[in-house]
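Each residue of the sequence shown is one higher than the one before, counting from 0 in numbering that gives the first Met the number 0.
Glycine included, each C-beta is placed from N, C-alpha and C at the ideal position.
Notes follow the structure.
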Amino acid sequence: MSSKVDIGFDRYLTYSEVTDYLRKTAEAYPDLADLESAGKSYEGRDIWALTLTNKKTGCPKKKPALYVDGNIHPGEVTGSMVALYLIDYLVDNYGKDEEVTYLLDTRAFYVLPRVNPDGAELYLTTPTLLRSSVRVWPDEEVDDLPGLHREDVDGDGMILQMRVRDDGRGEWKVSEKDPRLMIPRRPGERKGPFYRIYPEGYIKDYEGEPIEVQKPRFGLDLNRNFPSNWDTKVPGGGDFAGSEPEARTIIEFIVRHPNIGGIQALHTSGGFYYRNPCQYPEDKMDPQDLKATREIACEGTRISGYPDVKSPNRATLTEWAYEHKGIIAYTTELWNRYARAGIDLVEWQKTIDPEKREQQNLKLLAWNDRELAGKGFKDWTPFEHPQLGPVEIGGWDPKFCAQNPPPFLLKQECHKNALWIMKHAGSLPEVHITSLKVVDIDGSVKKVTAVVENFGYLPTCVTNKAKELGACKEDVAELLPGPGITVLGKARLEAGFLEGYVSGGGRGGPPKSAARFTWMIKVDPEASTEFAVEYRSQRGGIVRRGYPEE
Ligand SMILES: [Zn+2]
Numbered sequence: 000m001s002s003k004v005d006i007g008f009d010r011y012l013t014y015s016e017v018t019d020y021l022r023k024t025a026e027a028y029p030d031l032a033d034l035e036s037a038g039k040s041y042e043g044r045d046i047w048a049l050t051l052t053n054k055k056t057g058c059p060k061k062k063p064a065l066y067v068d069g070n071i072h073p074g075e076v077t078g079s080m081v082a083l084y085l086i087d088y089l090v091d092n093y094g095k096d097e098e099v100t101y102l103l104d105t106r107a108f109y110v111l112p113r114v115n116p117d118g119a120e121l122y123l124t125t126p127t128l129l130r131s132s133v134r135v136w137p138d139e140e141v142d143d144l145p146g147l148h149r150e151d152v153d154g155d156g157m158i159l160q161m162r163v164r165d166d167g168r169g170e171w172k173v174s175e176k177d178p179r180l181m182i183p184r185r186p187g188e189r190k191g192p193f194y195r196i197y198p199e200g201y202i203k204d205y206e207g208e209p210i211e212v213q214k215p216r217f218g219l220d221l222n223r224n225f226p227s228n229w230d231t232k233v234p235g236g237g238d239f240a241g242s243e244p245e246a247r248t249i250i251e252f253i254v255r256h257p258n259i260g261g262i263q264a265l266h267t268s269g270g271f272y273y274r275n276p277c278q279y280p281e282d283k284m285d286p287q288d289l290k291a292t293r294e295i296a297c298e299g300t301r302i303s304g305y306p307d308v309k310s311p312n313r314a315t316l317t318e319w320a321y322e323h324k325g326i327i328a329y330t331t332e333l334w335n336r337y338a339r340a341g342i343d344l345v346e347w348q349k350t351i352d353p354e355k356r357e358q359q360n361l362k363l364l365a366w367n368d369r370e371l372a373g374k375g376f377k378d379w380t381p382f383e384h385p386q387l388g389p390v391e392i393g394g395w396d397p398k399f400c401a402q403n404p405p406p407f408l409l410k411q412e413c414h415k416n417a418l419w420i421m422k423h424a425g426s427l428p429e430v431h432i433t434s435l436k437v438v439d440i441d442g443s444v445k446k447v448t449a450v451v452e453n454f455g456y457l458p459t460c461v462t463n464k465a466k467e468l469g470a471c472k473e474d475v476a477e478l479l480p481g482p483g484i485t486v487l488g489k490a491r492l493e494a495g496f497l498e499g500y501v502s503g504g505g506r507g508g509p510p511k512s513a514a515r516f517t518w519m520i521k522v523d524p525e526a527s528t529e530f531a532v533e534y535r536s537q538r539g540g541i542v543r544r545g546y547p548e549e
């Protein structure tokens with residue numbers, strides 16, 4: 000498979016390549032795609048948004064929509080690539096694949112593949128590792144602080160680790176089972192040799208004193224800058240909620256597109272889906288919202304094997320999306336190297352026993368030798384450090400093994416997650432006017448009856464939370480009279496919300512996913528009976544049916 004704009008998905012694209020791909024795709028598929036700049040980054044790069052839908056079946060704003068973004072954390076470049084793959088898969092398969100065709104005919108996708116272009120560019124074009132924004136925060140002098148600053152000392156393009164022999168203080172030693180593996184010095188252990196391990200780097204104003212290691216340079220976290228449970232204690236949260244241009248661009252884009260009923264934020268790593276609620280127990284969440292959130296995630300688990308996990312984070316995009324907008328939202332943590340090595344991530348996180356940890360690490364190294372031909376781990380190599388003297392530099396490739404898949408494994412990561420994103424889009428509400436009848440009552444007076452149905456899994460408000468918050472306008476049914484027709488009574492009827500089939504299957508019987516609306520109209524003697532009925536659902540679509548039907 001590849002669209003008219005072939006990028007192969009076996010490498011990570013820089014900003015200009017992403018821009019080029021999006022421009023060419025919008026040009027090659029004018030009936031399906033539109034490109035716009037949603038806003039500017041801190042350094043002034045455009046944050047691109049590609050809208051996808053079949054324009055011939057209606058404009059995107061009139062359709063239920065899914066929002067997808069990637070790479071708010073600059074090192075999580077797999078997120079961008081999954082978003083681009085989704086675009087590629089949709090445009091390439093329109094008219095060939097039944098599901099893709101249906102989705103683009105009935106829904107819109109807003110895809111922002113690289114929402115932190117400055118950070119991603121630094122990550123992809125230099126050895127630098129960073130958490131989020133390139134804006135130095137909160138301390139502008141952070142580069143001048145004493146201590147070790149991470150840098151690529153040996154010039155191999157990666158910031159790895161330095162091990163220094165230190166039989167007195169060293170807290171690490173070499174595993175007897177594999178000389179690459181460093182294992183912790185056990186309590187009370189006295190027989191060396193022992194080592195200290197530092198991040199690769201130089202020490203500011205070093206005069207032989209104990210070395211303090213400085214945190215990676217960038218303290219901001221753009222995904223903690225959203226206005227839900229934000230306060231000044233949120234780590235990296237910024238000066239105020241929405242203070243950063245990238246977060247604000249996302250917030251404003253979502254607010255400008257009230258038809259968005261689902262959000263996918265693409266991150267790495269771990270191989271799981273973070274879901275709401277984040278800051279309170281599940282039994283405090285609306286039961287139907289929880290059911291829908293978990294059932295949609297379950298479709299993803301079936302495809303990718305990634306479980307859904309309750310998020311512990313606050314002030315994130317996805318927390319804000321649910322808590323303030325009532326949108327079902329996931330933070331997907333792509334790529335799980337532990338699973339590929341045959342290690343359960345939850346087990347890994349729970350492990351304290353150093354012998355068990357050693358076994359797990361040996362499995363990771365064995366996987367590296369087997370599947371990556373040894374390229375994920377750089378052997379400890381002697382190096383004469385200008386400040387520390389003889390050291391050895393080595394360790395796991397932090398960017399394209401630990402944080403992201405090695406390029407040759409990228410495409411399968413993209414494929415399975417793009418398929419899940421499509422399932423999420425498929426679950427959105429979708430309204431149809433399924434019947435429209437006119438009955439003569441008395442001479443010029445006629446009764447019009449329309450039946451509107453939601454074919455979607457989710458209700459037209461998407462969540463009960465949205466209803467509670469007033470975040471989604473109630474549906475409206477309106478009769479739009481032609482010339483010479485008078486509506487007796489109200490033309491515009493409040494319609495509440497239509498349930499989706501997520502509500503069904505219980506003792507209460509089938510869900511209330513359909514509603515009937517009636518109007519009385521008076522037709523002038525010279526006029527013909529011509530009118531239309533429009534049903535407007537903010538998140539379920541705007542549909543219209545004319546009478547007489549063509
Ligand atoms: Zn992330």
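Anyone know if the C-beta pair for residue i and residue j falls short of 8 Å?
| i | j | result |
| --- | --- | --- |
| Asn416 | Thr315 | no |
| Thr24 | Lys62 | no |
| Thr485 | Ile541 | no |
| Tyr84 | His414 | yes |
| Pro397 | Arg538 | no |
| Ser131 | Leu34 | no |
| Gly187 | Asp166 | no |
| Asn335 | Ser268 | yes |
| Ser426 | Gly469 | no |
| Gly57 | Tyr122 | no |
| Phe516 | Ala476 | yes |
| Glu370 | Thr77 | no |
May I have the straight-line CA-CA distance separating residue i from residue j, to the nearest angstrom?
| i | j | result |
| --- | --- | --- |
| Asp343 | Pro29 | 45 Å |
| Val438 | Lys464 | 40 Å |
| Val173 | Pro215 | 26 Å |
| Glu294 | Ile46 | 32 Å |
| Pro280 | Lys511 | 29 Å |
| Glu354 | Asn360 | 10 Å |
| Thr419 | Trp136 | As written in the sequence, residue 419 is Trp, which differs from the Thr given in the question. Rounded to the nearest angstrom, the two C-alpha atoms are 36 Å apart. |
| Lys54 | Leu31 | 6 Å |
| Asp230 | Thr448 | 52 Å |
| Gln278 | Gly261 | 20 Å |
| Ile351 | Lys176 | 19 Å |
| Val81 | Leu333 | 9 Å |
| Lys362 | Gly169 | 25 Å |
| Lys3 | Tyr20 | 10 Å |
| Gly499 | Arg506 | 16 Å |
| Trp366 | Arg339 | 7 Å |
| Val141 | Leu129 | 14 Å |
Beta-carbon within less than 6 Å of residue i's beta-carbon, same chain only, minus the 5 sequence neighbours each way: which residues are those?
| i | result |
| --- | --- |
| Met161 | Tyr197, Glu199, Val390 and Ile392 |
| Gly394 | Leu159 and Gln160 |
| Val99 | Leu89, Asn92 and Tyr93 |
| Ala531 | Leu479, Arg543 and Gly545 |
Candidates the options: which alpha carbon is nearest residue i's?
| i | options | result |
| --- | --- | --- |
| Ala296 | Thr24, Phe271, Thr317 and Glu354 | Phe271 |
| Arg313 | Gly508, Pro215, His323 and Gly154 | His323 |
| Lys410 | Leu435, Asp441 and Asp87 | Asp87 |
| Pro154 | Ser131, Val254, Glu357 and His384 | Inspection of the sequence shows that residue 154 is occupied by Gly rather than by Pro. Gly154 has its Cα closest to that of His384, out of Ser131, Val254, Glu357 and His384. |
| Gly325 | Gly74, Gly191, Arg274 and Gly425 | Arg274 |
| Ser40 | Trp518, Asp117 and Asp378 | Asp117 |
| Cys471 | Gly425, Val254 and Tyr329 | Val254 |
| Lys377 | Lys309, Arg543, Met157 and Glu208 | Met157 |
| Val430 | Gln402, Gly442, Tyr534 and Asp9 | Tyr534 |
| Arg356 | Gly373, Glu370, Tyr337 and Leu371 | Tyr337 |
Within the same chain, show all residues whose beta-carbon is closer than 8 Å to that of residue i, passing over the 5 residues directly before and after it, in chain order.
| i | result |
| --- | --- |
| Ser79 | Tyr11, Leu12, Val17, Gly69, Asn70, Pro112, Arg113, Ala119 and Leu265 |
| Ala107 | Thr50, Leu51, Thr52, Pro59, Lys60, Lys62, Pro63, Ala64, Leu65 and Asn258 |
| Tyr201 | Leu147, His148, Glu150, Val152, Pro385 and Gln386 |
| Ala513 | Thr433, Val450, Val451, Glu452, Asn453 and Leu497 |
| Trp171 | Arg162, Met181, Ile182, Pro183, Arg184, Phe193, Tyr194, Arg195 and Ile196 |
| Lys283 | Pro276 |
| Val308 | Phe271, Tyr272, Tyr273 and Arg274 |
| Ile440 | Lys446 and Met519 |
Which residues in the same chain as residue i place their Cβ atom closer than 7 Å to its Cβ, once the five residues preceding and following it in sequence are excluded?
| i | result |
| --- | --- |
| Gly495 | Glu473 and Asp474 |
| Ser36 | Asp45, Ile46 and Trp47 |
| Leu289 | Glu281 |
| Val461 | Gly260, Gly325, Ile326, Ile327, Pro428, Cys471 and Arg538 |
| Lys436 | Thr448 |
Which ranges does the alpha helix (DSSP H) cover as unbroken runs of at least 4 residues, wholly within the region 38-93, from first to last along the chain? If one requires a minimum length of 4 residues, the alpha helix (DSSP H) runs lying completely within the region 38-93 are 77-92, in chain order.
Q) Whole alpha helix (DSSP H) runs in the region 246-323 with 4 or more residues, listed along the chain? A) Segments of the alpha helix (DSSP H) lying fully in the region 246-323: 286-303.
Going along the chain, which unbroken runs of the alpha helix (DSSP H) with 4 or more residues stay wholly within the region 174-206? Runs of the alpha helix (DSSP H) inside the region 174-206: none found.
TODO: Could you tell me which uninterrupted beta strand (DSSP E) segments, each at least 3 residues in length, are contained entirely in the region 349-432, listed from first to last along the chain?
DONE: List check, beta strand (DSSP E) in window: 376-384 and 388-395.
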